[in-house]
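So the structure is just underneath, and the comments pick up after that.
If you want it as structure tokens, here you go:
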């Protein structure tokens, strides 16, 4: 994240102040409370978000399902969906991880913008695992995505 800017889906860049201005823009009534409802969400560029932005702090080890899979010895050879391997009662927590930017890398150049604009957030991890006849486990098409992509 270049200093205090976030890259938007439309190619533009916004500072933390621009996000604040957008969300607290005075309405027709002249008050900061939106009369016509909340302002529209701002679409952030997802490749930027995951490579240079706040998403860069996620890693597969943060997701319980990855550790559960690595430790499981009883899986027959075959290809499994990560979501199918998660116990039904734990499905969401097993494939989900969270980050709080209030305490993550507080010395980084983009800390203030990450904390103000992104705060606490979560991601999910879809993908597949392949168990070979010898028991070797391989991940396929595993991708960490911000949870909002699933709404």
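Numbering (the working numbering), first residue to last: 1 to 151. No residue lacks a Cβ here, since even glycine has one placed at the ideal position from N, Cα and C. Model, not experiment: these values are computed from the prediction.
{"Item": "So residue 71 is in the alpha helix (DSSP H); what residue range does that whole segment cover?", "Value": "64 to 71"}
{"Item": "Ends of the beta strand (DSSP E) at residue 80?", "Value": "78 to 81"}
{"Item": "What are the residues that DSSP puts in a beta bridge with residue 142?", "Value": "According to DSSP, residue 142 bridges with nothing at all."}
{"Item": "Between 71, 56, 64, 50, which has its C-alpha nearest residue 136's C-alpha?", "Value": "71"}
{"Item": "Straight-line CA distance for residue 139 to residue 69?", "Value": "10 Å"}
{"Item": "Straight-line CA distance for residue 15 to residue 85?", "Value": "41 Å"}
{"Item": "Count the other CB atoms, across all protein chains shown, that sit within 10 Å of the CB of residue 124; report buried if there are 16 or more and exposed otherwise.", "Value": "buried"}
{"Item": "When DSSP builds the beta bridges, which residues end up paired with residue 13?", "Value": "7"}
{"Item": "How long is the line joining the alpha carbons of residue 22 and residue 99, rounded to whole angstroms?", "Value": "24 Å"}
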